[in-house]
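Below is one structure, written out as structure tokens; comments come after it.
There are 2 protein chains.
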Amino acid sequence: MTGTRVAVAGTFGPLHDGHRNLLETALKYGDEGLIVGLTSDAFARASRTRDVPPFDRRRAALETAFGDLDEWGREVEIRRLTDEHGIVSDEPDIDALVVSPETAPELAAINDLRRENGFDPIEGIVAPYVLAEDGERISSTRIVRGEIDEHGRVRN
Amino acid sequence: MTGTRVAVAGTFGPLHDGHRNLLETALKYGDEGLIVGLTSDAFARASRTRDVPPFDRRRAALETAFGDLDEWGREVEIRRLTDEHGIVSDEPDIDALVVSPETAPELAAINDLRRENGFDPIEGIVAPYVLAEDGERISSTRIVRGEIDEHGRVRN
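First to last, the protein sequences are chains G and A.
For the first sequence, full-length UniProt numbering begins at 1 and goes up steadily by one.
For the second sequence, full-length UniProt numbering begins at 1 and goes up steadily by one.
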């Protein structure tokens, strides 16, 4: 590989093994560094009814996860994300966006937006879903609901 | 990057700049080699009404394109693909599948199939569309119809 700078974005709270897989994929491919868009509290809460941990707590959990997962010594920059297409639409200097399968269909629109802004289109890197013990996807919503823990173990 | 073996599949005929972008993306990310699934004539023609060049001609064009695009000296293996999920469902030893945005939604189902076969799920790498001079996508269908050439130039 020769120089891939990746972006990844999300709310990442509560952090779970699906997020960790996304972060590990970003580390693996991002040999020229990672920009992480972490949603602001206002932006994260506007689209959700569930509880979202405060920004600083989500950032600290992200930093711990990167510390655990980074085998490559990548450069990681965390930025506060205040709207849906921040970073991908205003950062010319990225090569790829790491997404979950659920966000993959937005890649074409993201590249339309980049072209309108005069930026090169980027690749999407789609990390596979991580399944919980019960075969369903791990999600923060399921964790907050008390169905599973952050590693996808079913709570009884 | 540390060891990514990629697969890419298609009919690739007539070969155009959208295909070349897909092949270049596969070369860039595939530092542990590429497996290329090239559709058999029977499989390629079953789903299409347009003319499809014969397998050997499509393979020769692919080999020329790889020769032009490979800056990295990658190992490339071309296999005949006779059904929709060949390679991704029967090849355990790949890390990622390079796809166009139109195929990206199939990644989740591909990984379900891999899990059923006891294989690890793989990443998807989504190469952006390449636009023709008129702002629409380049496609083999448009070339065969005589609207554009293989580089997306509008034919008058």
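Backbone N, C-alpha and C define an ideal beta-carbon position, used for all residues, glycine too.
Everything numeric in this text was worked out from a predicted model, so none of it was measured.
Assigned secondary structure, residue i (DSSP; H/G/I helix, E/B strand, else coil)
{"i": "G/Thr39", "result": "strand"}
Interface flag, residue i vs chain G, CB-CB below 8 Å
{"i": "A/Thr141", "result": "no"}
{"i": "A/Asn111", "result": "yes"}
{"i": "A/Thr25", "result": "yes"}
{"i": "A/Ala104", "result": "yes"}
Other residues of its chain near residue i: CB distance less than 7 Å, five sequence neighbours each side excluded
{"i": "G/Leu69", "result": "Arg20, Leu23, Glu24, Leu27"}
{"i": "A/Ser40", "result": "Phe55, Arg80, Leu81, Thr82"}
{"i": "A/Ile35", "result": "Ala7, Glu77, Arg79, Ile87, Glu91, Ile94"}
{"i": "A/Thr141", "result": "Arg50"}
{"i": "G/Leu113", "result": "His85, Ser89"}
{"i": "A/Arg115", "result": "Pro121"}
Interface flag, residue i vs chain A, CB-CB below 8 Å
{"i": "G/Pro92", "result": "no"}
{"i": "G/Gly152", "result": "no"}
{"i": "G/Ala9", "result": "no"}
{"i": "G/Ala46", "result": "no"}
{"i": "G/Val144", "result": "no"}
{"i": "G/Ile122", "result": "yes"}
{"i": "G/Ile148", "result": "no"}
{"i": "G/Leu107", "result": "yes"}
{"i": "G/Ala61", "result": "no"}
{"i": "G/Ala127", "result": "yes"}
{"i": "G/Pro101", "result": "yes"}
Contact set for residue i: own chain, Cβ-Cβ below 6 Å, skip 5 residues either direction
{"i": "A/Ile138", "result": "His16, Asp17, Gly18, Val130, Ala132, Gly152"}
{"i": "A/Gly67", "result": "none"}
{"i": "G/Glu75", "result": "Gly33"}
{"i": "A/Leu107", "result": "Gly124"}
{"i": "G/Tyr29", "result": "Thr4, Val6, Ile125"}
{"i": "A/Ala44", "result": "Thr11, Val52"}
Contact set between residue i and chain C, taken where Cβ atoms lie within less than 9 Å
{"i": "G/Val76", "result": "The chain labelled as chain C is not found among the protein chains of the depicted structure, namely G and A."}
Same chain, Cβ closer than 8 Å to residue i, five either side skipped, listed in chain order
{"i": "G/Gly135", "result": "none"}
{"i": "G/Ala42", "result": "Thr82"}
{"i": "G/Gly10", "result": "His19, Leu22, Gly37, Leu38, Thr39"}
{"i": "A/Asn111", "result": "Pro121, Ile122"}
{"i": "G/Arg57", "result": "Gly13"}
>> My parser needs the alpha helix (DSSP H) runs of 4 or more residues fully inside the UniProt domain "Cytidyltransferase-like" (8–145) of chain A; what are they?
In response: 17–29, 41–46, 55–69, 107–116, 140–144
>> Three or more C-beta pairs under 8 Å: does that hold for the region 12–22 of chain A against the region 45–63 of chain A?
In response: yes
>> Any contact between the region 76–83 of chain G and the region 101–117 of chain G? By contact I mean 3 or more CB pairs, one from each, below 8 Å.
In response: no
> Any chance the region 124–144 of chain G sits against the region 123–135 of chain A, with 3 or more Cβ pairs inside 8 Å?
Replying inline: yes
>> With three or more beta-carbon pairs closer than 8 Å as the criterion, would you say the region 82–90 of chain A touches the region 57–73 of chain G?
In response: no
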